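S.K.: Please find one structure pasted underneath; my questions will follow.
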Ligand SMILES: Cc1ncc(COP(=O)(O)O)c(C=O)c1O
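Residue numbers (the numbering used here): 5 to 320.
Below, the structure is given as structure tokens:
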């Protein structure tokens, strides 16, 4: 993946600070115990300027993550929504990834966080195709991970908690070490759950399928968008439990996620998917998704939040 492409400013609790100044203490609970929640959001360059995809929904999920982890947000959701737009404007970027983070800072030494105030940061930086050049067109080769997703009622899967990503890193690092772009993880019951940072869809006999939100996967915002787009396009859809072997027999398979967008899968465990590359239903869904986020199709669901330009970027 390489290093982050740094931008100039980071929003920290109501102020813009230089990128290099966004620091936390090594003994903050976020560092010691992974006590932070975050979001990953994309801002796209559109003919009407930069637009942030489903910003309110992402911030709602950020606040839901805070509720689950008993973190008291210092700012209102509206303030964070406004701050995301203001940060993109301030950094004069047209297309980027936005990463709001609420973390428990320095103070407490043990499990009880009462002496560790929360700190809120928002960063943004340019970010290209997550699963590599050509992934969106050609698809990626994946494996089934030997690591399972956490069981329900262990790590709360509806919270996007930083600590949960230790599991995601194990899944991803193993996949890459074995020559795959990504992995599909099973849940504790042995049924298909999701990727390290993506939800998963199948197309089987013309029906779009995805596993239900069973407490082992994140309720992805791209997942919800694809379900809505499938309804718009008249593609039948069902949530069903998916046994591992169906990954090998299905017609089409793809990941969804803010980072991965809509990435076709072309093989699982070296077994080529029947569609042999991007399948026709995946292609239709991907095209409509990309057209909407890039402002080429009408935003009928109200998913785009335009960034008001106040900086020199507006005159470029
Ligand atoms: C574990 C996990 N699953 C699924 C997703 C996809 O969610 P979204 O579409 O909201 O980005 C992500 C990314 O945020 C994730 O980290």
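Don't be surprised by glycine CBs; every beta carbon is placed ideally from N, CA and C. Keep in mind it's a predicted model, so treat the numbers as computed, not measured.
According to DSSP, is residue 207 part of a helix, a strand, or is it coil?
M.R.: Working through the chain shown from its first residue, we reach residue 207 at position 203. Residue 207: strand per DSSP, three-state reduction.
S.K.: Report the residue from 233, 214, 280, 265 whose alpha carbon sits nearest the alpha carbon of residue 366.
M.R.: With the chain running from 5 to 320 in the structure shown, residue 366 is simply not present.
S.K.: Can you give me the C-alpha to C-alpha distance between residue 76 and residue 56, rounded to a whole angstrom?
M.R.: As a position in the chain shown, residue 76 is number 72, starting the count at 1. As a position in the chain shown, residue 56 is number 52, starting the count at 1. One C-alpha to the other measures close to 25 Å.
S.K.: Let me confirm a value: residue 305 is counted as buried when at least 16 other C-beta atoms fall within 10 Å, else exposed. Which label applies?
M.R.: Locating residue 305 in the chain shown gives position 301, counting from the first residue. Its Cβ having fewer than 16 others within 10 Å, residue 305 is exposed.
S.K.: Can you tell me whether residue 322 is buried or exposed? The criterion is at least 16 other CB atoms within 10 Å of its CB, across all chains shown.
M.R.: The requested residue 322 is not part of the displayed model; the chain covers only 5 to 320.
S.K.: Is the beta carbon of residue 125 less than 8 Å from the beta carbon of residue 8?
M.R.: Counting from one through the chain shown, the residue named residue 125 turns up at place 121. Counting from one through the chain shown, the residue named residue 8 turns up at place 4. Cβ distance not < 8 Å, so residue 125 and residue 8 don't count as in contact.
S.K.: For residue 240, is the classification buried or exposed, using 16 other Cβ atoms within 10 angstroms of its Cβ as the cut-off for buried?
M.R.: Counting from one through the chain shown, the residue named residue 240 turns up at place 236. Exposed, since its Cβ has fewer than 16 Cβ neighbours within 10 Å.
S.K.: Just list the residues that DSSP pairs residue 67 with in beta bridges.
M.R.: Translated into the one-based positions of the chain shown, residue 67 becomes position 63. Note: residue 67 sits in no beta bridge, so no partner.
S.K.: Which residues share a DSSP beta bridge with residue 40?
M.R.: Along the chain shown, one-based indexing puts residue 40 at 36. According to DSSP, which records beta bridges pairwise, residue 40 is partnered with 107.
S.K.: Please say whether residue 285 and residue 256 have beta carbons closer to each other than 8 Å?
M.R.: Reading the chain shown from its first residue, position 252 is the one you call residue 256. Reading the chain shown from its first residue, position 281 is the one you call residue 285. A contact, by the Cβ cut-off of 8 Å.
S.K.: Compute the beta-carbon to beta-carbon distance between residue 226 and residue 281, rounded to the nearest angstrom, for a pair I have assumed lies under 8 Å.
M.R.: On the chain shown, residue 226 is found 222 positions in, with the first residue counted as 1. On the chain shown, residue 281 is found 277 positions in, with the first residue counted as 1. Between residue 281 and residue 226 the Cβ distance is about 21 Å, and since that is not below 8 Å, they are no contact.
S.K.: Does the segment 63–74 come close enough to the segment 134–149 that 3 or more CB-CB pairs lie under 8 Å?
M.R.: With a cut-off of 8 Å, the segment 63–74 and the segment 134–149 do not count as touching, because too few Cβ pairs lie within range.
S.K.: Using a 10 Å radius around the Cβ and a threshold of 16 neighbouring Cβ atoms, would you call residue 94 buried or exposed?
M.R.: Taking the first residue of the chain shown as 1, we reach residue 94 at position 90. Result: buried.
S.K.: In this structure, does DSSP put residue 73 in helix, strand or coil?
M.R.: For this step, residue 73 is matched to residue 69 along the chain shown. Three-state DSSP puts residue 73 in coil, outside helix and strand.
S.K.: Could you give the distance in angstroms between the alpha-carbon of residue 108 and the alpha-carbon of residue 80?
M.R.: In the chain shown, counting from the first residue as 1, residue 108 sits at position 104. In the chain shown, counting from the first residue as 1, residue 80 sits at position 76. When rounded, the distance between both Cα atoms is 17 Å.
S.K.: Specify, as a first and last residue, the run of the alpha helix (DSSP H) that residue 291 falls within.
M.R.: Locating residue 291 in the chain shown gives position 287, where the first residue counts as 1. Run containing residue 291: 284–297, per the alpha helix (DSSP H) assignment.
S.K.: Tell me where the beta strand (DSSP E) around residue 16 begins and ends.
M.R.: Taking the first residue of the chain shown as 1, we reach residue 16 at position 12. Per DSSP, residue 16 belongs to the beta strand (DSSP E) from 13–16.
S.K.: Within the continuous beta strand (DSSP E) that includes residue 310, where are the two ends?
M.R.: For the purposes of this step, residue 310 is identified with residue 306 of the chain shown, where counting begins at 1. Note, residue 310: beta strand (DSSP E), 308–310.
S.K.: Can you list, in chain order, the residues of its chain with a C-beta nearer than 6 Å to that of residue 319? Leave out the 5 residues immediately preceding and following it.
M.R.: Here the question's residue 319 lines up with position 315 in the chain shown. Confidence at residue 319 is low in this model, with a pLDDT of 41, below 50, so its placement is unreliable and no value can be given for it.
S.K.: For residue 265, I'd like the list of residues in its chain whose CB is within less than 6 Å of its CB, leaving aside the five on either flank, ordered along the chain.
M.R.: Residue mapping note: residue 265 aligns to position 261 of the chain shown, counting from 1. For residue 265, where only same-chain residues beyond five positions count, there are no Cβ hits under 6 Å.
S.K.: Does DSSP put residue 23 in a helix, in a strand, or in coil?
M.R.: The residue given as residue 23 occupies position 19 in the chain shown. Helix at residue 23.
S.K.: Is the beta carbon of residue 234 sitting closer than 8 Å to the one on residue 251?
M.R.: As a position in the chain shown, residue 234 is number 230, starting the count at 1. As a position in the chain shown, residue 251 is number 247, starting the count at 1. Not in contact: residue 234 and residue 251 (Cβ atoms no closer than 8 Å).
S.K.: If you reduce the DSSP assignment to three classes, tell me which class residue 101 lands in.
M.R.: Along the chain shown, read from residue 1 onward, the residue named residue 101 stands at position 97. Reduced to three states, the DSSP call for residue 101 is strand.
S.K.: Using the Cα positions of residue 46 and residue 182, report the straight-line distance between them to the nearest angstrom.
M.R.: As a first step, residue 46 must be located in the chain shown, where it is residue number 42. As a first step, residue 182 must be located in the chain shown, where it is residue number 178. Approximately 29 Å, taken between the alpha carbons.
S.K.: With a threshold of 8 Å, are at least 3 pairs of Cβ atoms found where one atom belongs to the segment 126–140 and the other to the segment 166–181?
M.R.: No contact exists between the segment 126–140 and the segment 166–181.
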